[in-house]
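2 protein chains.
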Amino acid sequence: MDSSGTRALARLLSRVEAGEHVEDTASGVGGADGAPGRARVIGLTGAPGVGKSTMTSALIARYRAAGKRVGVLAIDPSSPFTGGALLGDRIRMQEHATDQGVFIRSMASRGHLGGLAAATPRAVRVLDAAGFDVIIVETVGVGQAEVDIASQADSVIVLLAPGMGDAVQAAKAGILETGDLFVVNKADKPDAQAVVRDLRGMLALGTWDNGWKPRILTAIAQEADGVAEVIEALDAHAEWLTAAGELDRRRLARAEAEILALALGSVRAKVCAADVGSLAAKVAAGTLDPSAAAADLLAAVGFPDG
Amino acid sequence: MDSSGTRALARLLSRVEAGEHVEDTASGVGGADGAPGRARVIGLTGAPGVGKSTMTSALIARYRAAGKRVGVLAIDPSSPFTGGALLGDRIRMQEHATDQGVFIRSMASRGHLGGLAAATPRAVRVLDAAGFDVIIVETVGVGQAEVDIASQADSVIVLLAPGMGDAVQAAKAGILETGDLFVVNKADKPDAQAVVRDLRGMLALGTWDNGWKPRILTAIAQEADGVAEVIEALDAHAEWLTAAGELDRRRLARAEAEILALALGSVRAKVCAADVGSLAAKVAAGTLDPSAAAADLLAAVGFPDG
């Protein structure tokens, strides 16, 4: 992709981020063969500080060395207050800024139609249509929304690091069941092996009915150590996805989640435009039950049997 | 509250957690004077590992020493896989397990009607009606949903700790704008002062139109160090809330959020029961646009102008 193609793609994704309806075919953004669903979608999630950006950068470098074009969507549940997304963009862009085979984009929409849950799959399809071979969706994986977004990828890497709170807390964050691959980053730090042990113990409790037992790896992303092994495991997972018919299942689930997010987003826009305030005043005063208020609200926007 | 009252309250909250409609008056759970809105609701949020449970425990001890009854709702975005919520309950209960003036409850509902966003305010009102003086809502504060829940409290404490990823990442997590009080825990660790400095720098960028400038404190919750100062700051914030009319505004916002969550939860239940699968198959195959699929879905459940 030349730099004008990059700019066109950036503009297109801005519209997606704003909740606008755009054509998935992404005409004019440098898409090549254009068959949809060609790109591999990798979710990368983990708590703040485990090294997600560093790992993403290391994965990009490896994939680029293999001649693959890489798109990255960094999902920032950021605040308008700090402008986190733009900052994130700048920090992340540095290493690969001049590489036309890499496209990195932070997504930080709040409150718009369907939110990130709707915008992310659309952005993935836009990058897919633009001809990227690998699409990495990076999320801060603690909140349910971010976990859900990550779990919509073809393969999900859960990144952990020693000293970031114990494994019980990781489990509480609900990320354990979403991982196809667990990578303990900063493996040169003390307690890295303890994290691996904890993970093994917890994963041993699971039943892997669908046939893929999550793998546990260690890495030092900062030094690109262990990254080749992560790619190997991703390849093995990709093979299994296809062989087991799981790839289709996941992509169907992704489409389903996107449709639901869009549908609920449009309902949300309608009910928010209705008079919630007067109902809320009654609920706060204790004179109206919240469930009754919700039914009233839905009736007001014409939803049957609110 | 005697132990039969505690059991009745626990049963009631189980029904709230399951999305069931229960009476807020909480009759039979030992409520005393019963005027709604009497309890102070404190939100406590922060990344995994910053010491939220320890701080909650330290706050409970202080409030109990002052003769206050304390209810705690620990919001666990946990997984069915690990049973995190039950485990959390047990870990948290130990210190205050035999104290009838303390009630601690993990909330870990996923996917039910309105989700935690609806269940939490209702649980708060149940505890309020049951006569608790202070209600602490503890959330893992990285995901937007959890931040939203925390921000529905009267006063929000954002807990941070050194060595948990830098302040830029905290900012990205969207928690900065929700805090009334920032407490840097584990203040005896190296870099605690750096976290304070970073916070000061970031908060200096904000404009505090409503008249409360967030305070920054340090603490070592493990040793109850600095906890008295946290309580003092909470008291100062409570005074300001009332004087500025902000308490009513926040409680109105809380009621509004609850009504919206319930309304959207009921729509969600309906659209999920509809045939999303066949629409998703078309979207995944690239033959139907997701926005069109969302409109079809809403039309199928009778929502006007999908």
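If you read the protein sequences in the order shown, they are chains A and B.
Okay, so the first sequence: first residue is 3 according to our numbering, each after it adds one.
Okay, so the second sequence: first residue is 3 according to our numbering, each after it adds one.
Note that the Cβ used here is the ideal one computed from N, Cα and C, for glycine as well.
Listed in chain order, the beta strand (DSSP E) elements of length 3 or more contained wholly in the region 176 to 251 of chain A are 183 to 186, 217 to 220. Not one beta carbon of chain B lies nearer than 9 Å to the beta carbon of Glu140/A. When Cβ pairs closer than 8 Å are counted between the two stretches, the region 10 to 18 of chain A is seen to touch the region 122 to 130 of chain A, the count reaching three or more. For the region 237 to 264 of chain B, the beta-carbon criterion of a distance under 9 Å to any beta-carbon of chain A is satisfied by Asp250, Arg253, Leu254, Ala255, Arg256, Ala257, Glu258, Ala259, Glu260, Ile261, Leu262, Ala263, Leu264.
Secondary structure note for Ala76/A: its beta strand (DSSP E) is the uninterrupted segment 72 to 77.
Straight across, the Cα-Cα distance linking Pro192/A with Ala238/A is about 29 Å. Closer than 7 Å at the C-beta level to chain B, one finds these residues of the region 283 to 302 of chain A: Ala283, Val285, Ala286, Gly288, Pro292, Ser293, Ala295, Ala296, Leu299, Leu300.
A direct Cα-to-Cα measurement between Ser55/B and Val186/A gives close to 25 Å. Excluding sequence positions up to five before and after Gly247/A, its CB lies less than 7 Å from no other CB in the same chain. At a cut-off of 9 Å between beta-carbon atoms, Arg270/A makes contact with chain B. About 14 Å separates the Cβ atoms of Ala257/B and Val273/A, ruling out a contact at the 8 Å cut-off. Excluding residues up to 5 positions away in sequence, Ala276 lie with their Cβ nearer than 6 Å to the Cβ of Ala302/A in the same chain. Of all residues in the region 41 to 66 of chain A, only Ala49, Pro50, Gly51 come within less than 7 Å of chain B when Cβ atoms are compared, listed by chain position. Counting only residues of its own chain and dropping the five nearest sequence neighbours on each side, Ser157/A has a CB closer than 8 Å to the CB of Arg42, Val43, Ile44, Gly45, Asp182, Leu183, Leu236, His239, Ala240, Leu243. Secondary structure of Leu300/A (DSSP, three-state): helix. Against chain B, the CB of Val273/A has a partner CB under 9 Å away; the residue lies at that interface. Close to Val74/A, with beta-carbon spacing below 9 Å, lies no residue of chain B; the smallest spacing is near 15 Å. Assigned with DSSP and collapsed to three states, Val52/A falls in coil, not helix or strand. The continuous stretches of alpha helix (DSSP H) do not include Leu162/A, which lies in the beta strand (DSSP E) extending over residues 157 to 162. For the 9 Å CB-CB criterion, Gly103/A and Arg64/A do not form a contact. If you check each beta-carbon in the region 189 to 223 of chain A against every beta-carbon of chain B, the ones closer than 9 Å belong to Met204, Leu207, Gly208. Any Cβ of chain B closer than 9 Å to the Cβ of Ala120/A would place that residue at the interface, and such an atom is present. The criterion of a C-beta distance shorter than 9 Å is not satisfied by Glu179/B and Thr47/B. In the structure shown, Gly133/B adopts coil according to DSSP, grouped into three states.
In the displayed model, Glu140/B falls within a strand according to three-state DSSP.
Within the same chain, Leu161, Ala163, Asn187, Lys188, Ala223, Gln224 come within 8 Å of Gly53/A by CB-CB distance, once the 5 residues on both sides are set aside.
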